[in-house]
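Here the protein sequences line up with chains H and U, keeping their order.
Here the numbering used here is used: the first residue of the first sequence is -11, the next is one more, and so on.
Here the numbering used here is used: the first residue of the second sequence is -11, the next is one more, and so on.
Just so it is clear, CB atoms sit at the ideal spot from N, CA and C, and this is done for glycine as well.
Number of protein chains: 2
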Amino acid sequence: MTVDLELAPKTKRPAGEPCCEPVVYPDVEREQAERMATIAKALGDPIRLQLVDVLRKHAGKVCVCELVPLFDLSQPTVSHHLKKLREAGIVGSERRGLWAYYYVIPESLEEFSAWLT
Amino acid sequence: MTVDLELAPKTKRPAGEPCCEPVVYPDVEREQAERMATIAKALGDPIRLQLVDVLRKHAGKVCVCELVPLFDLSQPTVSHHLKKLREAGIVGSERRGLWAYYYVIPESLEEFSAWLT
DNA sequence: CCTATGTATTGACAGACGTGAGTTCAATAG
DNA sequence: CTATTGAACTCACGTCTGTCAATACATAGG
């Protein structure tokens, strides 16, 4: 048995009182947090949030050519935002002839929505 | 009455059929979309989402010194994330002596949560 | 006063983001 | 085949983001 090291800091808590209740944190959260943050990040742009809003209001599928004029943006930029939403799993797309139709995948928002409530 | 201009594009819709129902979009959405996108953007990082999660689970206020060890990040980085959450209006802070305590402002999430549901 | 401790800020950096101009790709009409 | 049209991709740009090291700030104890 050795003596206690004298070099150890004398007082980490000035008055000996803890600053607050200890917070323990189950590691299980990590993966879920990353999934939900992906959703939140995709919704973290006003244009994309409005795109999702329009798509949700029209339960059916909406053509890109109808989406572009709603925003004061170039068609490539709107396409870019739609791609982001697709990569986040929030929307899906379908091609019919020349036109591409987008729609919201409702289940993609469920987990995040439930956590937020 | 004049004759129709010959220079006008002959067919905008190849088969004369519209690509989809017209989508009209009330301008009222803009401001709300920006507010909600601000919230979503702040939640669009796994660390910040976990911070909010921890703060919400502990209904009371939590000291920064308890938050830092939960994440494999430097103290300044955690402080930076907390600042982002504060700027988005999601959390508030209070100083007691040396320590700073953070807490979630529940109302801040209401509008976004309601829209998402 | 001086020292120690908890928190916030600054500076720097690589990487990601939002945007438009220009281009390419895919599919239809002729 | 060619021409046209809707959508996606590429490149470039300035801006913003997440991170840490170092520093500054604020409060408490001696």
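Can you list the alpha helix (DSSP H) stretches of 4 or more residues lying completely in the region 18 to 60 of chain U, in chain order?
34 to 45 and 52 to 55
| Which bits of chain U does H/Q63 rub up against, with CB to CB less than 7 Å? | Translated into the one-based positions of the first sequence, residue 63 of chain H becomes position 75. The contacting residues do not exist; H/Q63 stays about 14 Å from chain U at best.
Discussion item. Need the endpoints of the beta strand (DSSP E) that U/E82 sits in, please.
Written reply: By one-based count along the second sequence, residue 82 of chain U stands at place 94. Element bounds for U/E82: V79 to R84.
Cβ of H/R83 less than 9 Å from any chain U Cβ?
-> The residue labelled residue 83 of chain H in the question sits at position 95 within the first sequence. No, its Cβ sits nowhere closer than 9 Å to a Cβ of chain U.
What number of angstroms, rounded off, separates the C-alpha of U/P61 from the C-alpha of H/L55? Here residue 61 of chain U refers to the residue found at position 73 of the second sequence. Here residue 55 of chain H refers to the residue found at position 67 of the first sequence. Note that residue 61 of chain U is Leu in the sequence shown, not Pro. Approximately 41 Å, taken between the alpha carbons.
- request: Using only alpha-carbon positions, find the residue among U/L97, U/S96, U/V92 and U/A25 that is nearest to U/A47.
  value: For the purposes of this step, residue 47 of chain U is taken as the residue at position 59 of the second sequence. Comparing Cα positions, the closest option is U/V92.
* Helix, strand or coil: which one does DSSP assign to U/A76? -> Counting from one through the second sequence, the residue named residue 76 of chain U turns up at place 88. U/A76 falls in the coil class under three-state DSSP.
*Below 9 Å between beta carbons: does that hold for H/G77 and H/I27?*
Within the first sequence, numbered from 1, the residue matching residue 77 of chain H stands at position 89. Within the first sequence, numbered from 1, the residue matching residue 27 of chain H stands at position 39. Their beta carbons are under 9 Å apart, which means H/G77 touches H/I27 by this criterion.
* Is it right to say U/K71 is buried, meaning 16 or more other beta carbons lie within 10 angstroms of its own, or is it exposed? -> Locating residue 71 of chain U in the second sequence gives position 83, where the first residue counts as 1. Looking at its Cβ environment, which holds fewer than 16 other Cβ atoms inside 10 Å, U/K71 is exposed.
**Prompt:** Closer than 9 Å, Cβ to any Cβ of chain U: which residues of the region 25 to 42 of chain H, in chain order?
**Reply:** A25, T26, I27, A28, K29, A30, L31, G32, D33, P34, I35, R36, L37, Q38, D41 and V42
Taking 9 Å as the CB-CB limit, is U/S96 close to chain H? Position 108 of the second sequence, counted from the first residue, corresponds to residue 96 of chain U. Chain H, which has no Cβ nearer than 9 Å to the Cβ of U/S96, makes this no.
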